[in-house]
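Using mature numbering (1 follows the signal peptide of the UniProt record, and there is no 0), the letters of the sequence shown correspond one by one to residues -22 to -1, 1 to 454. First up is the structure itself, then whatever we jot down about it.
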Amino acid sequence: MTSKPLSVSFTIVILTLSTTFSLQSDQQKVLLVSFDGFRWDYLYKVPTPHFHDLLTHGVHVKQVTNIFITKTYPNHYTLVTGLFAENHGIVANDMFDPVLNKSFSLDHMNIYDSEFWEEAIPIWITNQKAGHATGSAMWPGADVKIHKSFPTHYMPYNESVSFEERVAKIIEWFTSEEPINLGLLYWEDPDDMGHQLGPDNPLMGPVISDIDRKLGYLIQRLKEAKLWDVVNLIVTSDHGMTQCSKERVIELDQYLDRDHYTLIDQSPVAAILPKEGKLDEVYEALADAHPNLTVYKKEEIPERWHYKYNKRIQPVVAVADEGWYILQNKSDEFLLGNHGYDNALAEMHPIFLAHGPAFRKNFTKEAMNSTDLYPLLCHLLNITALPHNGSLSNVQDLLSSAVPKAIAYTQSTTLLGGDHLGELGQEESYPYFLGVSLGCIIVIVFFVIFIKHLIHSQLPALQDMQAEITQPLLQA
Ligand SMILES: *[C@@H]1O[C@H](CO)[C@@H](O)[C@H](O)[C@H]1NC(C)=O
Ligand SMILES: *[C@@H]1O[C@H](CO)[C@@H](O)[C@H](O)[C@H]1NC(C)=O
Ligand SMILES: *[C@@H]1O[C@H](CO)[C@@H](O)[C@H](O)[C@H]1NC(C)=O
Ligand SMILES: *[C@@H]1O[C@H](CO)[C@@H](O)[C@H](O)[C@H]1NC(C)=O
Ligand SMILES: *[C@@H]1O[C@H](CO)[C@@H](O)[C@H](O)[C@H]1NC(C)=O
Ligand SMILES: *[C@@H]1O[C@H](CO)[C@@H](O)[C@H](O)[C@H]1NC(C)=O
Ligand SMILES: *[C@@H]1O[C@H](CO)[C@@H](O)[C@H](O)[C@H]1NC(C)=O
Ligand SMILES: *[C@@H]1O[C@H](CO)[C@@H](O)[C@H](O)[C@H]1NC(C)=O
Ligand SMILES: [Zn+2]
């Protein structure tokens, strides 16, 4: 009679333990979200309860050094390749490639030429080659055919598509029969409003509150879809924003003859292509022109920017001081907020928060490089990183459990010294502890029932009972 609950208990023990171990080897899921132009400290401008929820239940990196130039397309490509601009080839939002004899321009959404993107291989391609699926809701560049492929699922770029629709797609892809393990989600604000209003404008408060509500909406939808506890959510951005002013304008027309050069990219990093034979003239005319403009010949560009060794970097590059604006003349478009400046400036730095089974809880880290995100993503997705400029070991402390050695050593080494990981801790993940604890409780309950049975039953009955107990064990 009592042998029935006994066998049921035993079956539960077995099921629990096997769930525990399968949880361990489960593929990680990652959702990477970029709120364009979300400066690292916007978090503190107005109450941002959803962002703060993430940081108390997940990890927060205060200062993320992004890459030069601190523009949208170069930085988004770095997030998914781990490479500096000179290495991934998307050196600006507006480019000219003298070998291809082709232009790339964000202004005209003239960005769909595959050749511009193929100096690197973005993570979705590597992910898919490893047999996984990727879904991109408007991630910059993810609707371009690169090395003959697209993400498994993607939405062609259309700025009129609402945040809610983008989230709906992401949820659909994560919950489909062949679910994605990597989702990429992009939203244009607070960049758009930051440009129009300037980051110091009090009207930025409501803009940031709106982004916080959007994050809350995303979290709610993930919870409804039962994804919240399984997805590793990373919320970051491409760059920050700084206040500009009509009082701080550098007019190139005052120093240069327009017939002597082509202006490929404007502000705050002017990419100047001098006409045939005019290089020295253009350089000399600009070199000491304005105290807030630093002018470099391509070969003099500081190494720390990793912004030199690429044919798309023009022969003369003029960089404005923070908050200064480069125009040809004052009738050109002027924005109250801008970015693109030196990546060492805090105001250019993006936000970085992460939450999920792979991440520690309530953990703050002072600094990281944005190139480190790529090896982190590869580690989470269990794919082999291609050569890159980051390092997993720099961000390993964000993770709740130590990196298994087998995976750690498959990471490719970089010229920066590589990902040679030291001794790894034996810390286990949260689901593991949960599973083991549940298992133990059930084992205890089982033995309580077992002992109760012993007390209340005759000894001869024991042998039959044992026979019945072993049966479900063998079947499990
Ligand atoms: C990681 O990938 C390898 C194959 O590359 C596979 O054998 C292993 O089971 C995977 N690990 C997890 C945790 O999925
Ligand atoms: C580059 O392309 C332009 C048209 O966009 C053409 O006029 C020019 O001749 C081309 N230059 C070379 C060197 O092919
Ligand atoms: C962009 O999205 C809007 C809103 O969904 C839609 O009305 C419009 O047709 C779309 N544009 C293109 C080019 O698909
Ligand atoms: C602009 O140049 C002036 C004069 O050299 C300098 O005092 C000021 O700090 C510069 N502005 C910035 C933002 O660097
Ligand atoms: C600025 O340049 C435009 C041509 O791009 C010209 O039409 C305009 O007159 C110039 N404005 C001034 C103030 O020089
Ligand atoms: C997070 O950590 C801080 C100290 O770093 C502590 O004051 C706070 O109570 C913690 N919050 C939660 C929710 O654990
Ligand atoms: C960022 O990378 C540089 C090397 O390029 C390294 O010296 C620095 O320590 C890294 N910063 C962090 C916070 O890991
Ligand atoms: C960045 O990574 C690429 C690819 O491994 C490499 O070719 C390049 O030299 C690296 N740059 C630096 C500064 O280490
Ligand atoms: Zn941007």
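Beta carbons: idealized from backbone N, C-alpha and C, even for Gly.
Once DSSP output is grouped into helix, strand and coil, what is the label at residue i?
i    : result
L351 : helix
V297 : strand
F29  : helix
W302 : coil
P118 : coil
L234 : coil
R191 : helix
M219 : coil
K107 : helix
G176 : coil
S12  : strand
Y20  : helix
T34  : helix
G318 : coil
Restricting to Cα atoms, I'd like to know which of the options is closest to residue i.
i    : options                : result
M326 : K23, G36, V42, L377    : V42
Q374 : T34, Q292, F341        : F341
G15  : N65, P100, T104, M182  : M182
F94  : E64, T104, D299, N360  : E64
L241 : A120, P157, Q5, Q306   : Q306
S12  : P246, T214, Y135, M87  : T214
H66  : I101, T34, I197        : I101
T220 : H268, P246, N270, R191 : P246
I89  : I68, E97, N105         : I68
L57  : A120, L32, Q198, G36   : A120
S378 : S92, E262, G36         : G36
P76  : P134, K253, C356, P353 : K253
I361 : D169, T59, L84, S92    : T59
H86  : A332, P129, D72        : D72
Within 10 angstroms of its Cβ, does residue i collect 16 or more other Cβ (buried), or is it exposed?
i    : result
M346 : buried
L376 : buried
L394 : Because the pLDDT of L394 is 35, which lies under 50, any placement of that residue in the model is unreliable, and the question is left without a value.
A248 : buried
K123 : exposed
P27  : exposed
T34  : exposed
A111 : buried
K204 : exposed
R17  : buried
G109 : exposed
N79  : exposed
K192 : buried
P25  : exposed
Y287 : exposed
R282 : exposed
In whole angstroms, what is the alpha-carbon distance linking residue i and residue j?
i    : j    : result
V185 : G176 : 12 Å
F74  : R290 : 6 Å
Q232 : F312 : 17 Å
S369 : L351 : 8 Å
I250 : L230 : 11 Å
G194 : W165 : 14 Å
H238 : G255 : 9 Å
S390 : P365 : Residue confidence is low: S390 scores 37 on pLDDT, short of 50, so the model does not pin down where it sits. Its coordinate-derived value is still stated next. One C-alpha to the other measures close to 6 Å.
R236 : P280 : 27 Å
E137 : M116 : 8 Å
R144 : L163 : 7 Å
L359 : Y20  : 30 Å
H268 : A324 : 24 Å
H125 : N372 : 30 Å
P134 : K147 : 12 Å
T257 : S348 : In the sequence under discussion, the amino acid at residue 257 is Leu, which differs from the Thr named in the question. One C-alpha to the other measures close to 34 Å.
S114 : K308 : 39 Å
Q292 : S81  : 12 Å
V139 : E155 : 25 Å
A384 : Q174 : Only weak support is given to the placement of A384: the predicted model assigns it a pLDDT of 38, under 50, and the question is left unresolved by the model.
Closer than 7 Å by C-beta to residue i: which residues in its own chain qualify, once you throw out the five before and the five after it? Chain order, please.
i           : result
C222        : G176, G301, Y303, L313, L314, G315, N316
T48         : H217, H317, G318, Y319, N321, M326
K7          : F152, N159, V208, V209, N210
P52         : I45, A63, I68, V69, A70
S92         : V122, K123, I124
residue 468 : Outside the displayed range of the chain (-22 to 454) lies residue 468, so it cannot be described from this structure.
Which same chain residues end up closer than 6 Å to residue i when comparing Cβ atoms and leaving out the 5 residues on each side of it in sequence?
i    : result
V39  : F330, K343, M346
D188 : none
A265 : V273
N179 : none
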